[in-house]
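**Q** Using the numbering used here, the letters of the sequence shown map in sequence onto residues 430 to 627. Cβ coordinates follow ideal geometry from the N, Cα and C atoms, glycine included.
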Amino acid sequence: MIRSALLGLALLAAAPAAALAAEPAAVTPADRTLGSADAPVTVIEYSSLTCPHCAAWTNTVLPEFKTRFVDTGQVRFVYRDLPTAPAPVATLAAKVTRCVAPDKAFAAIELMMAQQEAAHLMRYPAGWFLNAIDVGGRTAEEVGACVEDPATQAALDAQIADAQAAGVTGTPSFFVNGKRVENTSLDGLAAAIEPLLP
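Now the structure itself:
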């Protein structure tokens, strides 16, 4: 009895993390979303504003993804933060996009992704953050106060914990109706989305 219990624990410990991972947390009003809450499919992206692969996806795939799936009411798209290296820069960038006006969050995210490569080459100058604030619908003072608010860090920490619980180890990572999708190309996501559409 004890031996079989120990064997079970050993097998559990050896299981891949992805096999043990939970689905991402349910979407809440605090999430940054595009599209209708009534859409039959929800796509969640875990992303970092300093991740070049995330920038490439946002810059090249997201526009067509929005046209094909979000604008047609088929998909609700959810953006979630998982800061990557350099962590202090990614964390600050995540806070900035959380602190702009909610209806301007994607404008700030998309601008930071579009300017990411140049910002990286210049070691992430203040202008990169200020440009995002400029399109964000709030003053620099309002955004600064929000960035410094412990509640903003707590919300970011909760999202990081959610990503870890869902087995996310890199960015960008995508879930379609709670299921991980490895092929993040437009065709790969479409293959996961289309069978779920009415």
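Which of the three DSSP states is assigned to A583 in this structure?
**A** If DSSP states are grouped into helix, strand and coil, A583 belongs with the helices.
**Q** Once the 5 residues before and after L585 are set aside, which same chain residues still bring their CB inside 8 Å of it?
**A** D510, P512, T520, A523, K524 and R527
**Q** On the three-state DSSP scale, how would you describe T457?
**A** coil
**Q** Roughly how many whole angstroms lie between the Cα atoms of F566 and A537?
**A** Sequence check: residue 566 is Gly here, not Phe. G566 and A537: Cα-Cα distance of roughly 10 Å.
**Q** In angstroms, rounded to a whole number, what distance separates the CA positions of D467 and P627?
**A** Rounded to whole angstroms, D467 to P627 spans 13 Å at the Cα level.
**Q** Does the separation of the CB atoms of S614 and V490 fall below 8 Å?
**A** yes
**Q** Within the region 481-550, note down every full beta strand (DSSP E) run reaching 3 residues or more, in order along the chain.
**A** 504-510
**Q** According to the neighbour-count rule (16 or more other Cβ atoms, all chains shown, within 10 Å of its Cβ), is S477 buried or exposed?
**A** The residue in question, S477, is buried, as its Cβ has 16 or more Cβ neighbours within 10 Å.
**Q** Output the distance between the C-alpha atoms of A451 and C483, rounded to the nearest integer angstrom.
**A** 23 Å
**Q** In the DSSP assignment, what residue or residues form a beta bridge with F604?
**A** Paired residues: I473 and R609.
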